[in-house]
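Student:
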Amino acid sequence: MTLTDRSRTVRRHRRERPETREHRAPGLLDRVIELHRLTDPGLDDLRPYLADREPEVRTAALRVLGRSVRRGTASRATGDALAWALSDDDAEVRRLAARLLHGLPEVFLGEEGVAALHLAARRGLDAQTRESASMLLGRLVGAALELYAQGLADDEVQIRVQAVLGLVALRAVAETAQAADDPSRDVRVAVVDGLARLAEPADAGVPLSTLAHLLDDHDAVVRMAALDAAAGLGVPEPLDVRVVAALGHGSWQVRRRAALALGSADPDTAVPALGRALRDTIVDVRRAAVQSLEQWAGEVPGAVTALTETLNDPDPGVRTQARWALA
1 MTLTDRSRTV RRHRRERPET REHRAPGLLD RVIELHRLTD PGLDDLRPYL
51 ADREPEVRTA ALRVLGRSVR RGTASRATGD ALAWALSDDD AEVRRLAARL
101 LHGLPEVFLG EEGVAALHLA ARRGLDAQTR ESASMLLGRL VGAALELYAQ
151 GLADDEVQIR VQAVLGLVAL RAVAETAQAA DDPSRDVRVA VVDGLARLAE
201 PADAGVPLST LAHLLDDHDA VVRMAALDAA AGLGVPEPLD VRVVAALGHG
251 SWQVRRRAAL ALGSADPDTA VPALGRALRD TIVDVRRAAV QSLEQWAGEV
301 PGAVTALTET LNDPDPGVRT QARWALA
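Mapping of the sequence shown onto the working numbering: residues 1 to 327, in sequence order.
(1) Alpha carbon to alpha carbon, how far is Pro201 from Arg122?
(2) Using the Cα positions of Leu167 and Val192, report the straight-line distance between them to the nearest angstrom.
(3) Is Trp296 buried or exposed, if buried means 16 or more other CB atoms sit within 10 Å of its CB?
(4) Among the residues of its own chain, which have a CB less than 7 angstroms from the CB of Trp252, if the five just before and after it don't count?
(5) Restricting to runs no shorter than 4 residues, where is the alpha helix (DSSP H) found entirely within the segment 249 to 313?
(6) For Glu299, count neighbouring C-beta atoms within 10 Å of its own C-beta (all shown protein chains included) and say buried if the count is 16 or more, exposed if not.
(7) As a quick exercise: from Ser184, Arg188, Ala245 and Arg276, pick the residue whose alpha carbon is nearest that of Ala177.
(8) With distance defined between alpha-carbon atoms, name the residue in Thr305, Gly113, His102 and Ser209 nearest to Leu326.
(9) Which same chain residues, not among the five before or five after Pro272, have their C-beta less than 8 angstroms away from its C-beta?
(10) How do the segment 244 to 263 and the segment 220 to 232 stand: do at least 3 beta-carbon pairs fall below 8 angstroms, yes or no?
(11) Nearest CA to the CA of Ala120: which residue from Ala83, Asp155, Arg37 and Arg76?
(12) Please say whether Ala77 and Leu43 have beta carbons closer to each other than 8 angstroms?
(13) Report yes if the C-beta distance between Leu62 and Leu117 is below 8 angstroms; otherwise report no.
(14) With H, G and I counted as helix, E and B as strand and the rest as coil, what does DSSP make of Gly151?
(15) Among Ala199, Gly151 and Ala169, which one has its Cα closest to the Cα of Ala179?
(16) List the whole-angstrom C-beta distance separating Ala144 from Leu125, where the pair is believed to meet the contact cut-off of C-beta under 8 angstroms.
(17) For Leu239, which of Glu294, Ala196 and Ala277 has the nearest alpha-carbon?
(18) So Pro236 packs on Leu208, CB below 8 angstroms; how close in whole Å?
(19) Where does Leu233 sit, in a helix, a strand or coil, going by DSSP?
(20) Please classify Ala288 as buried or exposed, where buried requires at least 16 neighbouring CB atoms within 10 angstroms.
(21) Throw me the rounded Cβ distance for the Leu215 and Arg242 pair, which I believe falls under 8 angstroms.
(22) Who are the near neighbours of Gly275 in its chain, counting only those whose CB is closer than 7 angstroms to its CB and skipping five residues on each side?
(23) Given 7 angstroms as the limit, tell me if Glu175 has its C-beta closer than that to any heavy atom belonging to the ligand NAD.
(24) Since Val206 contacts Val173 with CB under 8 angstroms, what's their CB separation in whole angstroms?
(25) So which of Ala190, Asp181, Gly250 and Gly27 has the shortest CA-CA distance to His213?
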């Protein structure tokens, strides 16, 4: 389940209960009293109360979390729980979560918490929540960028890789893209993987343009990582032209990866290019092309024609693959 799906599911379940505060479920006061009687509760102890059907109970649980942060006894996942409360159906719960996050600068936010802030900033249920989440994100990113910028300039490759991972966790797209020309293959591969995760429709411009640049990387390993990333994204523009061009690369491993990636592309782009790949001198490339063409064997005439011609391939394995694809 994605983070967005999780938020929708939580809201859907809560809509099934009455929305007014005047409707009181039996035992509401008992649950609040029970909550306050807990001795040094941890986040796991509070989760049932944070998910309670009544907003008063969820509000009380957030206050307990806030006190644990002030006492220094909160777990590292506490900030994430507070950030997720910004997506609560109840306005009072959302306002309290925002006040706690703003008023507790020492609270730790992990990758889940950052993702929750991004979700609230884009799709919050009211303008105040969206503005609050945006401010929190700005403060968080601003505080971390200088540290990660120093990490990107470090002599140690692993420190630069960790800096890239940190920037990705913050969803700092432009800053992550700046490492695309790092002299280390490992750092550039980390950039590829990170930008593939950040290439959402709302902010895909920078990730896709940088991935297109990395599809032309001089290192075959980086190119193959970029091809895999392009496949995972469905080979959109402007990546499709670069993926097709990779079928002419000097490394057969790159050509094979490109043929596999085109299996995720639009057939109008992929089928003619894969037809040419069926004439590659390396059998593994031809097998990858057949594998990608197979999905269109029953609906795209060009794929049927190409696979039919492959029945004469000199390699018996390729011929067998083509027969199965056409069956």
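For glycine and all other residues, C-beta sits at the position ideal for the given N, C-alpha and C.
Tutor: So, from the data block:
(1) By 1-based counting over the sequence shown, the position of residue 201 is 201. By 1-based counting over the sequence shown, the position of residue 122 is 122. Reliability of the predicted coordinates at Pro201 is poor, the pLDDT of 47 falling under 50, and the value obtained from them is presented with this limitation in mind. Distance between the alpha carbons of Pro201 and Arg122 is about 13 angstroms.
(2) Here residue 167 refers to the residue found at position 167 when the sequence shown is read from its first residue. Here residue 192 refers to the residue found at position 192 when the sequence shown is read from its first residue. If I take the Cα positions, the gap works out to 13 angstroms.
(3) Along the sequence shown, read from residue 1 onward, the residue named residue 296 stands at position 296. It is buried - the Cβ of Trp296 has at least 16 other Cβ atoms within 10 Å.
(4) Locating residue 252 in the sequence shown gives position 252, counting from the first residue. Beyond the five residues adjoining it in sequence on each side, Trp252 comes within less than 7 angstroms, by CB distance, of Ile282, Asp284 and Val285 in the same chain, given in chain order.
(5) 252 to 261, 267 to 277, 283 to 293 and 301 to 309
(6) Position 299 of the sequence shown, counting from 1, holds the residue named residue 299. Label assigned to Glu299: exposed.
(7) As a working mapping, residue 177 is identified with position 177 in the sequence shown. Checking every option, the nearest Cα to that of Ala177 belongs to Arg188.
(8) The residue labelled residue 326 in the question sits at position 326 within the sequence shown. Of Thr305, Gly113, His102 and Ser209, the residue nearest in Cα terms is Thr305.
(9) Translated into positions along the sequence shown, residue 272 becomes position 272. Correct list, in chain order: Gly302.
(10) By the Cβ rule, the segment 244 to 263 counts as touching the segment 220 to 232, because three or more pairs are nearer than 8 angstroms.
(11) Along the sequence shown, one-based indexing puts residue 120 at 120. The shortest C-alpha separation from Ala120 is found at Ala83.
(12) Walking along the sequence shown from the start, residue 43 turns up at place 43. Walking along the sequence shown from the start, residue 77 turns up at place 77. Contact flag set, yes.
(13) Along the sequence shown, read from residue 1 onward, the residue named residue 62 stands at position 62. Along the sequence shown, read from residue 1 onward, the residue named residue 117 stands at position 117. No, they are not a contact pair.
(14) Locating residue 151 in the sequence shown gives position 151, where the first residue counts as 1. Reduced to three states, the DSSP call for Gly151 is helix.
(15) Reading the sequence shown from its first residue, position 179 is the one you call residue 179. That would be Gly151, whose Cα lies nearest to the Cα of Ala179.
(16) The sequence position of residue 144 within the sequence shown is 144, counting from 1. The sequence position of residue 125 within the sequence shown is 125, counting from 1. 27 angstroms between Cβ atoms; not a contact.
(17) Residue 239 sits at position 239 when you count from the first residue of the sequence shown. Of the listed residues, the one whose Cα sits closest to Leu239 is Ala196.
(18) Residue 236 sits at position 236 when you count from the first residue of the sequence shown. Residue 208 sits at position 208 when you count from the first residue of the sequence shown. With 8 angstroms as the limit, Pro236 and Leu208 qualify as a contact, their Cβ atoms being about 7 angstroms apart.
(19) Position 233 of the sequence shown, counting from 1, holds the residue named residue 233. DSSP places Leu233 in coil when its eight states are reduced to three.
(20) The count along the sequence shown starts at 1 and reaches residue 288 at position 288. The residue in question, Ala288, is buried, as its Cβ has 16 or more Cβ neighbours within 10 Å.
(21) Working through the sequence shown from its first residue, we reach residue 215 at position 215. Working through the sequence shown from its first residue, we reach residue 242 at position 242. Contact flag correct, Cβ pair sits at about 4 angstroms.
(22) The residue given as residue 275 occupies position 275 in the sequence shown. Gly302 and Ala306, listed in sequence order.
(23) As far as ligands go, the structure on display features none, and thus does not contain the ligand NAD.
(24) Translated into the one-based positions of the sequence shown, residue 206 becomes position 206. Translated into the one-based positions of the sequence shown, residue 173 becomes position 173. Yes, they are in contact, since the Cβ atoms of Val206 and Val173 sit about 5 angstroms apart, within 8 angstroms.
(25) Here residue 213 is taken as the residue at index 213 of the sequence shown, counted from 1. Minimum Cα distance to His213 is reached at Asp181.
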